[in-house]
Ligand SMILES: Cc1ccc(CCc2c3nc[nH]c3cc3c(=O)[nH]c(N)nc23)cc1
Ligand SMILES: [Zn+2]
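Residue numbers (the UniProt record's numbering): 1 to 373.
So this is what it looks like as structure tokens:
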């Protein structure tokens, strides 16, 4: 028995986009869904209550970072990640594969696993697929990711082929090591770079092992958007219709909509929280860089069409002032709005699918948001 149950409610007649529901031990997730990133067991600058105010249904945390600090044993002793961070809704943890590989030259990849140096104190560490699963079992997230290698971009065919085949062997080792199948759903991750035949090979190998859900990895690694959309176009149809599909590391408003159109159910991205801390907001008319002098005496809300707490109570002039003074409240108000913006966008997308008008919704949104398409 798996920890999650996916119900495919409807497929949009206009586009092939899917409306679904995932039941987890910590509650239900409506898809398509955007998942706020909370790498260090916190969605930066937000309290769990504020996340609930904006209807966040699931948040992400990170195996590599929590293993490094405070250590997965401590989190386990605290009763697991939900208790430790006071979040009683679903959590998904990434396996740490991507993070270890983004450490760059500090790491060595072997069949057994990956040797790397800590980004905190330079100490030597080794993570194997078994170790990654041990950490994720200790953290206790409802959905956990297999330990994979996200091939860099660009990368030659030979490298990508060897890498995806090792990722397949690691995926089997993860499934064999995973103890807690009733409480934690292990997702397989499809790799294969930007090569159609390698994506087909990886999708076949990973779905042959069999998982309750599948992630599309190896994208959002610097490739041009048209290439990402093309890879999605031929990869999602290779995945089982009756299982959730998670596109890792995506994305901006246009990428979310384009991903849903190509059959993706779950997304994550650091953008909304990261650009907030740099003083930038997503709005229905495109991005607003709050620190810009043109907003000095602009007493309108960030987004006149937004009904979030930030937009109901503060002006661009005030938020610009906070950003210029590097005030903590600037990050909080901008993060609250950016997360609300993406969560509301996905709610509107779900409604559009329900009403078989997602393509019309996409065209209106792109027109207003200022995307030249
Ligand atoms: C907390 C948290 C942060 C980040 C992530 C996703 C991180 C991420 C990618 N981000 C952009 N592209 C990505 C590709 C991969 C990938 O191929 N494999 C894995 N395991 N993660 C990826 C998950 C959780
Ligand atoms: Zn707002």
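By construction, the Cβ of each residue, glycine as well, lies at the ideal position given by its N, Cα and C atoms.
All values derive from a computational prediction rather than experimental measurement.
*Specify the secondary structure class of residue 178 as computed by DSSP and reduced to three states.*
Under the three-state reduction of DSSP, residue 178 is assigned to coil, being neither helix nor strand.
*Once you ignore the five residues that flank residue 227 on each side, which residues in its own chain have a CB closer than 8 Å to its CB?*
194, listed in sequence order.
*Should residue 201 go down as buried or exposed, given a rule of 16 or more other Cβ atoms within 10 Å for buried?*
Burial call: buried.
_Quick check: is any heavy atom of ligand 1 less than 6 Å from the C-beta of residue 60?_
Checking the Cβ of residue 60 against ligand 1 gives yes.
*Secondary structure of residue 368, DSSP reduced to three states*: The DSSP-derived three-state label of residue 368 is helix.
*Exposed or buried, residue 191, counting other C-beta atoms within 10 Å across all chains shown (16 or more means buried)?*
Looking at its Cβ environment, which holds 16 or more other Cβ atoms inside 10 Å, residue 191 is buried.
_Residues near ligand 2, criterion Cβ-heavy atom distance below 7 Å_ = That query returns the following residues: 301, 302, 303, 306, 308, 310, 311, 337, 340, 341.
*Nearest neighbour of residue 102, chosen from 131, 366, 64 [CA to CA]*: Looking at the Cα atoms, 64 is the closest of the given residues.
_residue 158 versus 135, 149, 198, residue with shortest Cα-Cα distance_ = Looking at the Cα atoms, 198 is the closest of the given residues.
*State the start and end residues of the unbroken beta strand (DSSP E) segment that holds residue 63.*
From DSSP, residue 63 is part of no beta strand (DSSP E) but of the alpha helix (DSSP H) over 63-68.
*asked:* Between which two residues does the beta strand (DSSP E) holding residue 94 run?
replied: Per DSSP, the unbroken beta strand (DSSP E) holding residue 94 starts and ends at 91-94.
*Using a threshold of 6 Å, is the CB atom of residue 273 nearer than that to any non-hydrogen atom of ligand 1?*
False, no ligand heavy atom lies under 6 Å from that Cβ.
_Endpoints, the alpha helix (DSSP H) within which residue 51 is located_ = Counted as a single uninterrupted DSSP element, the alpha helix (DSSP H) harbouring residue 51 occupies residues 48-53.
_Below 8 Å on the Cβ atoms is my contact criterion, and I expect residue 262 with residue 238 to pass it. Report the Cβ-Cβ distance as a whole number of Å._
In fact, because the Cβ distance is near 12 Å, the residues do not count as touching under 8 Å.
*Could you tell me which uninterrupted beta strand (DSSP E) segments, each at least 3 residues in length, are contained entirely in the region 1-30, listed from first to last along the chain?*
Taking 3 residues as the shortest admissible run, the region 1-30 contains the following complete beta strand (DSSP E) segments, listed from N- to C-terminal end: 5-11, 18-24.
_Option nearest residue 52 by Cα separation, candidates 41, 61, 88, 72_ = Selected option, being the one with the closest Cα: 88.
*Throw me the rounded Cβ distance for the residue 183 and residue 41 pair, which I believe falls under 8 Å.*
Residue 183 to residue 41, Cβ: 18 Å. No contact.
*Terminal residues of the continuous alpha helix (DSSP H) containing residue 294?*
Unbroken run through residue 294: none, as it is neither H nor E.
_At a cut-off of 6 Å, would you count residue 218 as near ligand 1, judging by its Cβ distance to the nearest heavy atom?_
Yes, ligand 1 has a heavy atom inside 6 Å of this Cβ.
*Mind checking which residues open and close the alpha helix (DSSP H) that includes residue 39?*
In this chain, residue 39 is not harboured by any alpha helix (DSSP H), its DSSP state being neither H nor E.
_Once the 5 residues before and after residue 128 are set aside, which same chain residues still bring their CB inside 7 Å of it?_
112, 113.
*Is it buried or exposed for residue 346, if we count other Cβ within 10 angstroms and need 16 for buried?*
That one is buried.
*What are the residues that DSSP puts in a beta bridge with residue 188?*
In the DSSP output, where bridge partners are listed per residue, residue 188 has 214.
*Cα-Cα separation between residue 260 and residue 148, rounded to whole angstroms*: Answer to the nearest angstrom: the Cα atoms are 24 Å apart.
*Is it buried or exposed for residue 304, if we count other Cβ within 10 angstroms and need 16 for buried?*
Counting Cβ neighbours within 10 Å, residue 304 comes out exposed, since fewer than 16 surround it.
*If you check the beta carbons only, do residue 55 and residue 343 fall under 7 Å apart?*
Result yes, Cβ atoms of residue 55 and residue 343 sit closer than 7 Å.
*Contact set for residue 68: own chain, Cβ-Cβ below 7 Å, skip 5 residues either direction*: Only 118, 120 meet the Cβ criterion.
*asked:* Is residue 97 near ligand 1 - that is, is its Cβ less than 6 Å away from at least one heavy atom of it?
replied: Indeed, a heavy atom of ligand 1 lies less than 6 Å from the Cβ.
*Go ahead and pull the three-state DSSP assignment for residue 373.*
Low confidence applies to residue 373: its pLDDT is 44, below 50, so where it sits in the model is not reliable, and the reading given next is rough at best. In the three-state DSSP reduction, residue 373 falls in the coil class, being neither helix nor strand.
_Give me the DSSP bridge partner(s) of residue 281._
Answer is 288, bridged to residue 281.
*Pull up the distance between the alpha-carbon of residue 373 and that of residue 363, whole angstroms please.*
Only weak support is given to the placement of residue 373: the predicted model assigns it a pLDDT of 44, under 50, and the question is left unresolved by the model.
*If you check the beta carbons only, do residue 136 and residue 144 fall under 7 Å apart?*
At the C-beta level, residue 136 and residue 144 come within 7 Å of one another.
*Out of 33, 355, 140, point me to the one whose CA is closest to residue 79's CA.*
With respect to the C-alpha of residue 79, the residue from 33, 355, 140 having the closest C-alpha is 140.
*Does ligand 1 have even one heavy atom less than 6 Å from the beta-carbon of residue 263?*
Proximity of the beta carbon of residue 263 to ligand 1 is not indicated: no heavy atom of the ligand is located closer than 6 Å.
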